[in-house]
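Numbering (my numbering), first residue to last: 74 to 284.
Quick look at the structure:
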């Protein structure tokens, strides 16, 4: 009668370790437990049926314990919040999808999150997009507070562009937090090298439209 081989504790522990590694790898690939922000991005891209994009920039999102990551591709620009926990891994949320329009001078969109502290509403806003026309050398962001909050203006130039694959030029601007901002508008104007305006895009409260 053949004697069954004895499994040592060391060998049993090694088997369990291999099984756990295989389970973790499968969870990572399938998006059940994302071990990197990139895998969380891929999971959201599948959920929203977008193309694959590349990470371009990231900024901290105060109060929410998240970071915002900008990503872009040939047809879309994406901005979403990312966070990590040992229990859930990397997760993405609140993704805004901006479709590129190559016949426009630029595409732009607003991303906002609202927080409440001591009964005060604070809005964290970010303007992002893609410079479509190489002739555009500067962007002006104008935030007008109609009821509550405060006015803001910012200028973005070539030094502020974020360069992606194939030389595509993106931008991401973090505005000052707005307190008790109940009615507002925000526009982005593109300028050519000679100072000529290429167009003004209104990006708040509804579908963006040109003025």
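Glycine included, each C-beta is placed from N, C-alpha and C at the ideal position. Since this is a predicted model, take the numbers as computed values, not measurements.
>> In this structure, how does DSSP classify residue 278 when only helix, strand and coil are distinguished?
In response: coil
>> Among 110, 134, 150, 113, whose alpha-carbon lies nearest the alpha-carbon of residue 124?
In response: 150
>> Here's the rule I'm using: 16 or more other beta-carbon atoms within 10 Å means buried, otherwise exposed. How should residue 207 be labelled?
In response: exposed
>> Tell me the residue span of the beta strand (DSSP E) that contains residue 109.
In response: Element bounds for residue 109: n/a, residue is neither H nor E.
> What first and last residue would you give for the beta strand (DSSP E) that runs through residue 154?
Replying inline: 149-158
> Would you call the CB atoms of residue 183 and residue 277 closer than 7 Å?
Replying inline: yes
> Within 10 angstroms of its Cβ, does residue 253 collect 16 or more other Cβ (buried), or is it exposed?
Replying inline: exposed
>> Buried or exposed, going by whether 16 or more other CB atoms sit within 10 Å of the CB of residue 117?
In response: buried
>> Can you tell me where the beta strand (DSSP E) holding residue 128 begins and where it ends?
In response: 127-134
> Would the stretch 236-249 and the stretch 135-146 be scored as touching if the rule is three or more Cβ pairs under 8 Å?
Replying inline: yes
> Can you name, in chain order, every residue of its own chain whose Cβ lies under 6 Å from the Cβ of residue 273, other than the five neighbours on each side?
Replying inline: 260, 262, 284
>> In the DSSP assignment, the beta strand (DSSP E) including residue 164 goes from what residue to what residue?
In response: 162-172
> Is there a Cβ from chain B that is less than 7 Å from the Cβ of residue 196?
Replying inline: Checking the listed chains, one finds no chain B in this structure; it contains a single protein chain.
>> Using the Cβ count rule (16 or more neighbours within 10 Å means buried), how would you classify residue 198?
In response: buried
> Three-state secondary structure (DSSP) at residue 248?
Replying inline: coil
> Where do the N-terminal and C-terminal ends of the beta strand (DSSP E) with residue 182 fall, by residue?
Replying inline: 179-190
>> So, for residue 270: in the same chain, excluding its five sequence neighbours on each side, which residues have a beta-carbon less than 8 Å away from its beta-carbon?
In response: 262, 263, 264
>> What would DSSP say about residue 145, mapped onto helix, strand or coil?
In response: strand
> Taking Cβ positions, are residue 245 and residue 201 nearer each other than 7 Å?
Replying inline: yes
>> Does the stretch 157-165 come into contact with the stretch 210-220, if we say contact requires no fewer than three beta-carbon pairs (one atom in each stretch) closer than 8 Å?
In response: no
>> In the DSSP output, what is residue 227 paired with across the bridge?
In response: 214
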